[in-house]
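Engineer: Attaching a single structure in structure tokens format; questions to follow.
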Amino acid sequence: MKNINFIFLFIVSAIAYGQEIDTLSFYSKAYGDERTVYIYKPEFYKYKSDSVKLPVIYLLDGQHEWFAKPIISDIHYLRFTKEIPSALIVVIPLKDRIKECAIVDLKTELSLDKFITRELDKELITYNPSEIKVIIGHSFTASFALYSFYNHPNYYTSVIANSPYDQMEMLVEGFEQSEVIDKSKISISIGSSVKDIAHRKKYDNLKAQFPSFFESIYTFEANYSTHNAVPIVAVPTLLTKVFEDYRNRFFEIAQVDMEYKLINKPGSISEELNKIRVASKIGNYDYPPEISDINGIASRYWNNELEEYAANIYELGVKYYPNYYDFYLSLYELTLDNDKETSRKYLERAELLLKTVENNWEGKLEIIKEIQAKKIKNGRQ
Numbered sequence: 002m003k004n005i006n007f008i009f010l011f012i013v014s015a016i017a018y019g020q021e022i023d024t025l026s027f028y029s030k031a032y033g034d035e036r037t038v039y040i041y042k043p044e045f046y047k048y049k050s051d052s053v054k055l056p057v058i059y060l061l062d063g064q065h066e067w068f069a070k071p072i073i074s075d076i077h078y079l080r081f082t083k084e085i086p087s088a089l090i091v092v093i094p095l096k097d098r099i100k101e102c103a104i105v106d107l108k109t110e111l112s113l114d115k116f117i118t119r120e121l122d123k124e125l126i127t128y129n130p131s132e133i134k135v136i137i138g139h140s141f142t143a144s145f146a147l148y149s150f151y152n153h154p155n156y157y158t159s160v161i162a163n164s165p166y167d168q169m170e171m172l173v174e175g176f177e178q179s180e181v182i183d184k185s186k187i188s189i190s191i192g193s194s195v196k197d198i199a200h201r202k203k204y205d206n207l208k209a210q211f212p213s214f215f216e217s218i219y220t221f222e223a224n225y226s227t228h229n230a231v232p233i234v235a236v237p238t239l240l241t242k243v244f245e246d247y248r249n250r251f252f253e254i255a256q257v258d259m260e261y262k263l264i265n266k267p268g269s270i271s272e273e274l275n276k277i278r279v280a281s282k283i284g285n286y287d288y289p290p291e292i293s294d295i296n297g298i299a300s301r302y303w304n305n306e307l308e309e310y311a312a313n314i315y316e317l318g319v320k321y322y323p324n325y326y327d328f329y330l331s332l333y334e335l336t337l338d339n340d341k342e343t344s345r346k347y348l349e350r351a352e353l354l355l356k357t358v359e360n361n362w363e364g365k366l367e368i369i370k371e372i373q374a375k376k377i378k379n380g381r382q
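Each number in the numbering used here comes from the position in the sequence shown (counting from 1) with 1 added on.
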């Protein structure tokens with residue numbers, strides 16, 4: 002059974018998970034000048050291999066701190082609570098919001114649309130994105146988000162439009178007439194009939210005029226919210242809906258009761274690993290286990306004295322996150338009694354990663370000293 006008093010098992014709580022933000026600036030042919038976006042990378046980004054491809058969330062109106070910051074906080078919270086996967090949050094500031102988002106018709110190309118789907122998309126390749134792409138806008142940019150999705154229904158997997166207004170009749174008619182667009186990928190939120198009067202009135206009129214369209218999409222009616230508050234209250238629900246099949250994808254693997262005992266006898270190790278492989282999906286898209294998934298599944302086997310199963314899960318974790326030291330520490334402990342040479346290599350790898358990959362967070366030096374003490378105890382200096 003796992004030794005819960007071993008110092009290494011407290012490492013996760015000691016890590017100072019730092020959100021890294023990249024500033025990406027490049028010349029845009031679509032605009033004819035330099036543009037800058039901000040990319041929020043998940044905490045485990047520095048640990049992952051190229052086999053871990055991350056969803057992309059495009060957040061428009063990045064020039065408005067009052068809008069962007071709360072939405073980013075919503076996303077962080079949903080990730081922390083395992084409601085949505087970790088993702089690259091791409092914050093896109095606009096220089097002239099009205100000019101850049103004003104819809105002429107559904108076919109006239111806008112510079113912002115070309116910037117996102119052609120230029121920015123190419124720039125993001127170095128971040129190893131997945132095919133899962135969500136675009137979020139508010140008010141004027143909400144209409145743009147719908148317009149961009151209309152023109153690129155196979156590029157985006159979802160669009161979240163918070164309290165849209167501009168050219169909504171044209172947009173709804175276009176979606177209604179399209180036979181190729183999957184309208185279930187569309188989410189629209191709207192505010193109170195008292196506090197978001199004009200936008201809500203247009204929404205209600207269109208809902209009455211095009212009932213089949215509104216029945217085919219997902220809506221969130223924030224009946225107590227002002228126009229500017231709508232995205233703050235709506236986005237958590239709408240994003241959770243977009244990723245509704247994410248949270249429980251590994252639910253049936255190594256299920257335990259309230260005493261942390263396995264409910265069912267597991268299959269062979271290869272069968273259990275195959276279950277994980279099959280479940281590593283978000284909708285139709287591949288998405289491997291995150292670090293917390295690996296730790297959760299492995300710990301359930303370990304605490305039921307299935308050390309070989311746990312070791313195989315951690316080895317899977319090393320495949321996806323080769324720079325994450327904690328997996329090597331767990332493998333060190335799991336192999337110590339049966340294969341001291343392999344165990345030593347795991348311990349030394351963890352030590353190297355702590356010294357080279359990790360920042361200086363509280364408790365790091367204590368762990369390195371503990372590793373060195375273990376090496377001495379095992380006759381390896």
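Quick reminder that beta carbons are idealized off the backbone N, C-alpha and C, glycines included. This structure is a prediction, so every number in the text was calculated from the model and none was measured.
Do L239 and S188 come within 8 Å of each other at the CB atom, strictly closer than that value?
Structural biologist: Closer than 8 Å, so yes.
Engineer: Determine whether the beta carbon atoms of I136 and P56 lie at a separation below 8 Å.
Structural biologist: No, the Cβ-Cβ distance between I136 and P56 is not below 8 Å.
Engineer: Where N285 and S190 are concerned, what is the direct C-alpha to C-alpha distance, given to the nearest angstrom?
Structural biologist: Rounded to the nearest angstrom, the two C-alpha atoms are 25 Å apart.
Engineer: To test your reading of the DSSP string, which unbroken alpha helix (DSSP H) runs of 4 or more residues are found completely within the stretch 295-342?
Structural biologist: Fully enclosed alpha helix (DSSP H) runs of 4 or longer: 308-321, 326-336.
Engineer: What would DSSP say about I58, mapped onto helix, strand or coil?
Structural biologist: Reduced to three states, the DSSP call for I58 is strand.
Engineer: Helix, strand or coil, according to DSSP, for T127 in the structure here?
Structural biologist: Helix.
Engineer: In chain order, which beta strand (DSSP E) runs of at least 3 residues are fully inside the stretch 28-98?
Structural biologist: Taking only runs of at least 3 residues, the beta strand (DSSP E) segments lying wholly in the stretch 28-98 are 34-42, 55-60, 89-92.
Engineer: Taking buried to mean at least 16 other C-beta atoms within 10 Å of its own C-beta, is G192 buried or exposed?
Structural biologist: Buried, by the Cβ-count rule.
Engineer: Express the C-alpha separation of Y32 and R201 in angstroms, rounding to a whole number.
Structural biologist: The straight-line gap from Cα to Cα measures roughly 33 Å.
Engineer: What are the boundary residues of the alpha helix (DSSP H) that T241 is part of?
Structural biologist: Segment 231-243, the alpha helix (DSSP H) holding T241.
Engineer: Less than 8 Å between the beta carbons of V173 and F211, yes or no?
Structural biologist: A contact, by the Cβ cut-off of 8 Å.
Engineer: Restricting to runs no shorter than 3 residues, where is the beta strand (DSSP E) found entirely within the stretch 175-210?
Structural biologist: Qualifying beta strand (DSSP E) stretches, in chain order: 187-191.
Engineer: If you run the structure through DSSP and keep just helix, strand and coil, what is T220?
Structural biologist: Three-state DSSP puts T220 in a strand.
Engineer: Return yes when the Cβ of L61 is within less than 8 Å of the Cβ of G175, no when it is not.
Structural biologist: For G175 and L61, no; Cβs fall outside 8 Å.
Engineer: Helix, strand or coil for K134 per DSSP?
Structural biologist: K134: strand per DSSP, three-state reduction.
Engineer: What's the gap between the Cα of L121 and the Cα of T220?
Structural biologist: Looking at the two C-alpha atoms, the distance is approximately 29 Å.
Engineer: Return the CA-CA distance between D197 and S226, expressed in angstroms with no decimal places.
Structural biologist: Approximately 7 Å between the Cα atoms of the pair.
Engineer: Where do the ends of the beta strand (DSSP E) carrying N379 lie?
Structural biologist: No beta strand (DSSP E) contains N379, which DSSP labels as neither H nor E.
Engineer: What is the rounded straight-line gap between the Cα of I298 and the Cα of E306?
Structural biologist: Approximately 13 Å between the Cα atoms of the pair.
Engineer: For F7, does the count of other Cβ atoms within 10 angstroms reach 16, so buried, or fall short, so exposed?
Structural biologist: Here the model assigns F7 a pLDDT of 38, short of 50, so the residue's position is not dependable, and the following value carries that caveat. Exposed is the call here.
Engineer: DSSP on E363, reduced to helix/strand/coil?
Structural biologist: Coil.
Engineer: In terms of residue numbering, what span does the alpha helix (DSSP H) encompassing S149 cover?
Structural biologist: From DSSP, the alpha helix (DSSP H) with S149 extends over 141-152.
Engineer: Would you say P232 and I72 are within 8 Å of each other, going by their C-beta atoms?
Structural biologist: Contact: yes.
Engineer: For W303, does the count of other Cβ atoms within 10 angstroms reach 16, so buried, or fall short, so exposed?
Structural biologist: Burial call: buried.
Engineer: With DSSP collapsed to three states, give me the class of N275.
Structural biologist: Reduced to three states, the DSSP call for N275 is helix.
Engineer: Could you check where the beta strand (DSSP E) with S159 kicks off and where it finishes?
Structural biologist: Here the beta strand (DSSP E) through S159 covers 159-163.
Engineer: Just to check, is the beta-carbon of P86 closer than 7 Å to a non-hydrogen atom of the ligand SAH?
Structural biologist: The ligand SAH is absent from the structure shown, which contains no ligands of any kind.
Engineer: CA-CA distance, E253 and M259?
Structural biologist: Near 15 Å, if we compare the C-alpha coordinates of M259 and E253.
Engineer: For D51, which residues in the same chain have their Cβ closer than 8 Å to its Cβ, ignoring the five residues on either side in sequence?
Structural biologist: Cβ within range, chain order: N129.
Engineer: Using the three-state DSSP reduction, which class does T24 fall into: helix, strand or coil?
Structural biologist: Residue state, collapsed to three classes: strand.
Engineer: Starting from D106 and walking both ways along the alpha helix (DSSP H), at which residues does that stretch end?
Structural biologist: Careful: D106 lies outside any alpha helix (DSSP H) and carries neither H nor E.
Engineer: Do the stretch 268-288 and the stretch 106-117 meet, that is, are 3 or more Cβ pairs less than 8 Å apart?
Structural biologist: Not touching, per the Cβ criterion.
Engineer: Here's the rule: buried if 16 or more other CB atoms are within 10 angstroms of the residue's CB, otherwise exposed. What is R1?
Structural biologist: The structure shown does not extend to residue 1, since the chain spans only 2 to 382, so no value can be given for it.
Engineer: Look at A1 and V236 and say whether their C-beta atoms are less than 8 Å apart.
Structural biologist: As shown, the chain starts at 2 and ends at 382. That puts residue 1 outside it, with no answer to give.
Engineer: Cutting at 6 Å between CB atoms, please list the residues of its own chain near A230, excluding the five before and the five after it.
Structural biologist: Excluding sequence neighbours, A230 sits near nothing in its chain.
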